[in-house]
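Here is the structure we will look at.
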Amino acid sequence: MKKGPRKYGILETDMINIISILSTNPKTKKVVLFGSRAIDNFGPGSDIDISWLGDDLGFDDVIEAGLAYDKLFLPYKLDLVIYHQIKEKALTEHIERVGIVLYEKQVVTKPNK
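Put into structure tokens, the structure is as follows:
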């Protein structure tokens, strides 16, 4: 078993790798953890529920991220949902209520001259 600092029951290095996969997609605006890991009632086999926000994210992006995730050989199942495609109001409300922002794209503005 790998050792090291854990947050939400996930090794810090593993979390960094997951965030890196999603944040390197130029469409990504925000990555939000939700579900049992966000509310701290996860068990040993709990998956990682992540809501992915960004303009024009689609099925191809999920497949690409999933393939990159699989190459990490991590011991967690990743449940990745694109926020704007969620049809269940209860799920979006849950994400808004308990979601923990893991990554948010910073917008850099140029000063007016």
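Quick note: to get the working numbering, add 663 to the position in the sequence shown (first position is 1).
Ideal placement from N, C-alpha and C gives every residue a C-beta, glycine not left out.
Please read all numbers here as calculations on a predicted model, not as lab measurements.
Asked, Found
"Distance CB(V761)-CB(F697) smaller than 9 Å", "yes"
"Rounded straight-line distance, which links the Cα of H747 to that of L754", "11 Å"
"C-beta atoms of W715 and A731 nearer than 9 Å", "no"
"Close-in-space but distant-in-sequence residues of the same chain around L688 (CB under 8 Å, 5 per side omitted)", "Note that residue 688 is Asn in the sequence shown here, rather than Leu. Cβ within range, chain order: G717, L720, D724, E727, A728."
"Cβ-Cβ distance between I713 and I681 below 9 Å", "yes"
"Cβ neighbour criterion (16 or more within 10 Å) applied to V694", "buried"
"Bounding residues of the alpha helix (DSSP H) (the contiguous stretch that carries V761)", "752-761"
"Host beta strand (DSSP E) of I711 (start-end)", "711-717"
"Neighbourhood of S699 by C-beta distance below 6 Å, restricted to the same chain and skipping five residues each side", "F705, S709"
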